[in-house]
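Q: Here it is, the structure in full.
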Amino acid sequence: MTINYQFGDVDAHGATIRAQAAALEAEHQAIIRDVLAAGDFWGGAGSTACQQFITELGRNFQVIYEQANATAKRCKPPAATWPAPTAPSAPAGPNNQPQA
C-alpha cells in the first residue's frame, strides 16, 4: 500500500498542529484560573501546594508544546526548508578576474 502526500497537505498538517497548540495554551490558562478559583481546596491560592501544582502543570504542558512545535517544524514542505539555489561561479579567465 502506497501513501502519497502532497506538499500542501503536509504544510496544512503543520498549520493544524500549530493551531491545536494555541488552543491548548488557552486550555492551560483556563485550568490555572480554575485552580486559583478553587484556592480553598489547596489551602489558599498562594499556598505551597497550589503553587507546586501550577508549576508541575506548567512543566507537563511545556513538554506537550515542545513536542507539538517539533512535529510542526517537521511538517513543512521540503521547498520551505531547502537552501536557496546559488548561481554557479564562472571559471577564472582573463575576462572573469575579480575586481580589486
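For the sequence shown, the residue numbers in the numbering used here are 898 to 997.
Every residue, glycine too, gets a C-beta built ideally from N, C-alpha and C.
Check whether the stretch 921-938 and the stretch 966-973 touch, using three or more Cβ-Cβ pairs below 8 Å as the test.
A: In short, these stretches do not touch, since the Cβ pair count stays below three.
Q: Skipping 5 residues on each side, what residues in its chain have a beta carbon closer than 7 Å to that of Y962?
A: Answer for Y962: A918, listed in chain order.
Q: Quick one: what's got a C-beta closer than 7 Å to I914's C-beta in the same chain, skipping five residues either side?
A: A965, T968, A969, C972.
Q: In chain order, what residues of the same chain lie with their CB nearer than 7 Å to the CB of A997, ignoring the 5 residues before and after it?
A: Unreliable placement is indicated for A997, whose pLDDT of 48 sits below 50; no coordinate value is reported for it.
Q: According to DSSP, is A935 part of a helix, a strand, or is it coil?
A: Three-state DSSP puts A935 in coil, outside helix and strand.
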